[in-house]
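When we follow the numbering used here, the leftmost residue of the sequence shown carries the number 490, and every step to the right adds one.
For reference, the structure is listed below as structure tokens.
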Amino acid sequence: MVNQRMLQYGSVRSAIRDLSEYGNKRRAEIGRHDVFDYSLGNPSIPAPDKVAEELKLLAETVDPVALHGYTSAAGDVNVRKKMIRDINIRYETDLTVDDIYLTCGAASSLAITLNALTEPGDEFVAIAPFFAEYKVFTEAAGAKFVICEADTEHFMIDFDHLEEAVNENTKGIIINYPNNPTGVIPDKQCLESLAAFLEYVSKSYGHPVFLISDEPYRELNYEYKYLPYFTNLYAHTIVCYSFSKALSLPGERIGYVVVSNKFDGHEDVYAAVCGAGRAMGYVCAPSTMQRVVSQCMNVSADLEIYKKNRDILYNSLKQMGYDCTYPDGAFYLFVKSPLESADEFSELAKKYELLIVPSDSFGINGYVRLAYCVPTEMIERSLPAFQALKEEADKIIADRKH
Ligand code: PLP
490 MVNQRMLQYG
500 SVRSAIRDLS
510 EYGNKRRAEI
520 GRHDVFDYSL
530 GNPSIPAPDK
540 VAEELKLLAE
550 TVDPVALHGY
560 TSAAGDVNVR
570 KKMIRDINIR
580 YETDLTVDDI
590 YLTCGAASSL
600 AITLNALTEP
610 GDEFVAIAPF
620 FAEYKVFTEA
630 AGAKFVICEA
640 DTEHFMIDFD
650 HLEEAVNENT
660 KGIIINYPNN
670 PTGVIPDKQC
680 LESLAAFLEY
690 VSKSYGHPVF
700 LISDEPYREL
710 NYEYKYLPYF
720 TNLYAHTIVC
730 YSFSKALSLP
740 GERIGYVVVS
750 NKFDGHEDVY
760 AAVCGAGRAM
770 GYVCAPSTMQ
780 RVVSQCMNVS
790 ADLEIYKKNR
800 DILYNSLKQM
810 GYDCTYPDGA
820 FYLFVKSPLE
830 SADEFSELAK
840 KYELLIVPSD
850 SFGINGYVRL
860 AYCVPTEMIE
870 RSLPAFQALK
880 EEADKIIADR
890 KH
């Protein structure tokens with residue numbers, strides 16, 4: 490009666506959503522003050538003032554019929570011109586309005602890109618741990634989803650694993666730096682090696698292997714670590730960007746796809762992006778937001794707050810003896826589960842009203858993710874709970890040894 494794959498996507502619940510709903514239940518039962526909810530990557534910092542100022546200005550000065558009307562499918566041409574001008578200045582690119590397609594956030598950017606590229610038999614490789622929806626978007630596009638585990642010491646790319654993961658059917662590799670869930674940005678050498686690897690395999694297979702760079706956290710790079718605009722590093726790149734996190738606008742659903750113009754045939758790839766947008770009903774991204782974000786390309790929410798949160802959480806948990814990955818950016822801390830089963834550890838954490846996500850849905854076992862896009866005072870109040878949780882986990886481990 491219905492598409493079985495869609496039925497499955499609609500019926501199988503995500504661990505993150507489950508935990509977040511459990512949080513709602515506990516808040517209703519014991520009050521919001523006592524629940525330490527690290528489940529969702531929902532920004533807690535207000536959008537910059539410029540967003541409200543632009544909204545007001547648009548409401549006061551633009552004819553409402555035009556303001557709320559359809560734009561062209563790829564986005565208003567003046568908005569695209571303004572965005573491309575800013576992107577070109579910032580990243581030293583020479584992109585044009587015909588290289589950018591406005592979308593409803595990174596999720597639709599990814600879904601559109603994967604549908605635009607997929608031909609029968611194609612495979613896409615994602616570096617684990619990864620944003621769980623990659624698997625859904627890839628399989629829904631009709632391609633095979635292949636997992637390549639990162640090196641678990643630094644969560645950079647493991648090129649031995651990557652060599653095993655790719656083959657002549659590989660159409661693209663999906664990367665996401667700063668990464669959800671680890672916060673890691675690989676070093677320059679690793680990113681340059683990735684570009685060289687892609688050049689090499691593209692040549693060997695006789696067709697391009699695309700780099701799909703998912704970039705909702707680009708601006709959340711606390712030490713300004715080297716992070717190239719990937720079109721400058723590798724020609725066959727497609728950037729999937731979102732304004733959700735840097736501008737704290739996740740519910741407004743606005744982002745873009747940029748197709749690099751540095752390879753032969755890029756016009757066809759862009760046309761396929763437009764075609765996928767059309768086929769999937771993702772035409773004309775929210776029109777007011779298109780105009781707002783185009784005026785906010787050089788501002789962001791007060792991201793220093795996340796940096797402060799990171800420092801408090803990372804330093805405190807390390808001191809308690811947790812094994813944590815140092816997050817260069819994004820707003821997640823990835824912690825090795827002291828118990829072998831991350832599910833068991835996440836369940837145990839609930840006893841201390843700590844809501845932390847087990848890592849299985851990110852394509853790797855044995856870790857938990859803490860989203861620290863929360864009020865700083867909540868982090869400070871939660872520290873004794875983390876201490877008590879660690880002590881109980883250590884006791885369980887000691888008991889099991891006997
Ligand atoms: N990609 C990653 C890595 C994410 O973490 C998220 C959201 O959390 C998305 C994509 C989707 O972002 P958007 O809200 O812009 O659709």
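Think of the CB as a built atom: it goes at the ideal place given N, C-alpha and C, for glycine as much as any other residue.
Remember, predicted model here, so these are calculated numbers, not experimental data.
- Rounded to whole angstroms, the gap between the alpha carbons of S561 and A555 is 12 Å.
- With at least 16 other beta carbons inside 10 angstroms of its own, M645 counts as buried.
- Every residue whose Cβ sits closer than 6 Å to any heavy atom of the ligand PLP is listed here in chain order: G530, G594, A595, A596, F620, N665, N669, D703, P705, S731, S733, P739, G744.
- Annotated three-state conformation of A617 is strand, per DSSP.
- Between Y723 and E704, the CB-CB gap reaches or exceeds 8 Å.
- The continuous alpha helix (DSSP H) containing L651 extends over residues 648-654.
- The alpha-carbon of G764 is positioned some 18 Å away from that of G594.
- A straight line joining the alpha-carbon of A819 with that of N669 spans about 7 Å.
- The alpha-carbon of S528 is positioned some 6 Å away from that of L859.
- Per DSSP, G499 is one residue of the alpha helix (DSSP H) stretching across 493-500.
- The region 542-552 makes no contact with the region 803-817, as fewer than three CB pairs between them are under 8 Å.
- In this structure, I573 and T585 form a Cβ contact; the two beta carbons are roughly 6 Å apart against a cut-off of 8 Å.
- Distance from the CA atom of I853 to the CA atom of I845, rounded to whole angstroms, is 15 Å.
- Note that the C-beta distance between A831 and G855 is below 8 Å.
- Distance from the CA atom of F619 to the CA atom of L738, rounded to whole angstroms, is 22 Å.
- Among the bridge pairs identified by DSSP, F823 is matched with R858.
- Beta-carbon to beta-carbon, N787 and D575 are separated by about 7 Å, close enough to satisfy the 8 Å threshold.
- Using a Cβ distance threshold of 8 Å, A774 and L591 count as a contacting pair.
- The C-beta distance from L843 to A874 rounds to 5 Å, short enough to meet the 8 Å contact threshold.
- Here P667 is buried: its Cβ has 16 or more other Cβ atoms, across all protein chains shown, within 10 Å.
- Non-local C-beta neighbours of Y623 in its own chain, meaning closer than 6 Å and more than five positions away in sequence, comprise A615, I663, ordered along the chain.
- CA-to-CA, the gap between I636 and F613 works out to about 9 Å.
- With contacts defined by Cβ atoms closer than 8 Å, L872 and A838 do not form a contacting pair.
- Between the beta-carbon of A548 and that of S850 there is about 40 Å, and that puts the pair past the 8 Å contact cut.
- The residue from V782, G744, T865 with its alpha-carbon nearest to that of L599 is G744.
- If you compare the alpha carbons of L508, V551, V782 with that of P847, the shortest gap goes to L508.
- Sequence-distant partners of K633 (beyond 5 residues in either direction) whose C-beta falls short of 6 Å from its own C-beta, in its chain, are E612.
- A check of alpha carbon separations from E869 across G661, P816, D800 identifies D800 as the nearest.
- Boundaries of the alpha helix (DSSP H) around G766: 755-768.
- V568 is a Cβ neighbour of S783, given a cutoff of 8 Å.
- Counting the other Cβ atoms within 10 Å of the Cβ of M778 gives 16 or more, which makes it buried.
- Residue environment: H891 is assigned as exposed (fewer than 16 neighbouring CB atoms within 10 Å of its CB, all protein chains considered).
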